[in-house]
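For the sequence shown, the residue numbers in my numbering are 13 to 352. Note that the Cβ used here is the ideal one computed from N, Cα and C, for glycine as well. Keep in mind the model is a prediction, meaning the values are calculated, not measured. These notes concern the structure reproduced below.
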Amino acid sequence: MSDYKLTPRENLIEVMKGGKPERFVKQYEAFDIPFRDLATYRWRNNPRPGEIDKVNNWGVTVSWAEGQPGAFPNHKPELIVCKDIEEWQDYVKAPDPYSIPEAEWEKDLEYWEKIDRSKQFATAFVAPGVFENCHYLCEIQNVLIAFYDCPDELKELIKYLTEWELKLAEVICDHLHPDGLLHHDDWGTQISTFTEPEMFAEFFLDPYKEIYGYWKSRGVECVVHHSDSYAETLVPYMIEMGIDVWQGVMNTNDIPGMIQKYGKDITFMGGIDSASVDHAGWTREEIAAQVKRTCDENGPLYFIPNLSQGLPISSFPGVYDTTQEEIEKYSKIYWAEHNL
Numbered sequence: 013m014s015d016y017k018l019t020p021r022e023n024l025i026e027v028m029k030g031g032k033p034e035r036f037v038k039q040y041e042a043f044d045i046p047f048r049d050l051a052t053y054r055w056r057n058n059p060r061p062g063e064i065d066k067v068n069n070w071g072v073t074v075s076w077a078e079g080q081p082g083a084f085p086n087h088k089p090e091l092i093v094c095k096d097i098e099e100w101q102d103y104v105k106a107p108d109p110y111s112i113p114e115a116e117w118e119k120d121l122e123y124w125e126k127i128d129r130s131k132q133f134a135t136a137f138v139a140p141g142v143f144e145n146c147h148y149l150c151e152i153q154n155v156l157i158a159f160y161d162c163p164d165e166l167k168e169l170i171k172y173l174t175e176w177e178l179k180l181a182e183v184i185c186d187h188l189h190p191d192g193l194l195h196h197d198d199w200g201t202q203i204s205t206f207t208e209p210e211m212f213a214e215f216f217l218d219p220y221k222e223i224y225g226y227w228k229s230r231g232v233e234c235v236v237h238h239s240d241s242y243a244e245t246l247v248p249y250m251i252e253m254g255i256d257v258w259q260g261v262m263n264t265n266d267i268p269g270m271i272q273k274y275g276k277d278i279t280f281m282g283g284i285d286s287a288s289v290d291h292a293g294w295t296r297e298e299i300a301a302q303v304k305r306t307c308d309e310n311g312p313l314y315f316i317p318n319l320s321q322g323l324p325i326s327s328f329p330g331v332y333d334t335t336q337e338e339i340e341k342y343s344k345i346y347w348a349e350h351n352l
C-alpha cells in the first residue's frame, strides 16, 4: 500500500508547475498509453517489436528489429514510396482515418473506459510525426536535400501531412476523448538537429502549432513530444507549439541549463540515454548509478527521470522495470537528504 498522498498524475502536475511533488516521477507512470489497443495503431499497420519489412497503410516498408529501440523504414531504392519530391502528389496517398470501422473503436473503449483519470492521463499515441513521415515516404537523405533544393514542394507535402494528422486527431478525440498525447517526431541526431533552428521553424512551427492546438482544443491537457536527440536549440519553438513535456532528452543537451532557463514553460523527460543501460548484459548497478546521477544533476522540478526510449518499454527485458524500481528507491533517499 502506497503511503503517498498524490496520485502519479497529481505528482507529475506538481513537477510541471514547480510545486511540491512527493517523489520523482517514475518515467511514464502518470500516462496510460494503450498504443497497441488503439484502433488507429492497428489500422496503420505499423510493426511491433520483432516484425520485419511490414508494409504500413502509407505503403512504407518498416521494420522493428529485435533489440532495437524502435521501428525504421527500409529504404532500398525499389521500396521508397515517393520517388521524386517534385512530383510527390503522384506517389503519396494518405489513408482515410474516417474509414476505421466502429467495431474497432468499440474494442478500444473497453480498455479506455477503465482508465482512472484521477491517477493517470488517458494518453493517445501518434507515430511517426510530420518530419518522420516525410522521410518515411521519401528517404531521409532525399528530404534533407529537399529543404534546400525543393522547399516549396516539401512545404506542400508537410501541409498535406498536417491536414491528415488533424483528421487523425479528430477521429481519436471523437471516439476516445484522451486528455494526454504522446507524439513522436525525431528532430535530430545525438549531437545536432537535422536543420538549423530557423529552417526548422520555417517548415514545422506553424504546422505543429496547428496540430497541438487542435489536440488541446479537444481536451488534451498534456502534450508529450518524443524526440530522443539533441534539440536544445529548438526548445523555444517547442514551447510555442504547445508542448508540455519534451520526452527523450539525451545527455548531449544541457539539461540543468534548460531546466533553469525554460522550466517554467516546459518539463524535460529523459536524462538516462537508453544506450547506456538498455543493452545485453545490463546490470541493476549501472541502472542505479544512472538514476542517481540524473536525479542529482537535474532535481525534482520540471524534470522526469526516464530512459530516452519513446514508450514505457525497453529493448532488453527487465531494463524498464528495474529503472522504475531504482527511481522509487532513490526518491526516498533524495527526499530524506534534502528534507523535502
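8 angstroms Cβ cutoff met for residue i and residue j
i: I278; j: P219; result: no
i: V27; j: P312; result: yes
i: A243; j: T207; result: no
i: G200; j: S239; result: yes
i: L178; j: E222; result: yes
i: V93; j: W70; result: yes
i: D197; j: P109; result: no
i: W124; j: A134; result: yes
i: G282; j: V261; result: yes
For residue i, three-class secondary structure by DSSP
i: M13; result: Below a pLDDT of 50, predicted positions are generally treated as unreliable, and M13, at 43, falls in that range; the measurement from the model is reported next regardless. Coil, per DSSP.
i: C234; result: strand
i: S204; result: coil
i: L319; result: strand
i: T334; result: helix
i: V142; result: helix
i: A181; result: helix
i: S241; result: coil
Extent of the continuous beta strand (DSSP E) to which residue i belongs
i: H196; result: 192 to 196
i: V261; result: 257 to 261
Which listed residue (the options) has its alpha carbon closest to that of residue i
i: P85; options: E116, E182, E349, L149; result: L149
i: W117; options: R54, N68, L194; result: R54
i: W176; options: T245, R56, N154; result: R56
i: F143; options: K341, I255, L323, F216; result: F216
i: L194; options: L50, Y342, H350, E22; result: L50
i: R48; options: Q39, A42, P59, C234; result: P59
i: E340; options: V236, Q39, F212, G62; result: Q39
Bridge partners - residue i, DSSP secondary structure assignment
i: G283; result: N318
i: S75; result: F84
i: V67; result: T73
i: D44; result: A134
Endpoints, alpha helix (DSSP H) assigned at residue i
i: W100; result: Unbroken run through W100: none, as it is neither H nor E.
i: W55; result: 51 to 56
i: S229; result: 218 to 229
i: C307; result: 296 to 310
i: W407; result: Residue numbering for the chain in the displayed model covers 13 to 352; residue 407 lies beyond these limits and cannot be assessed.
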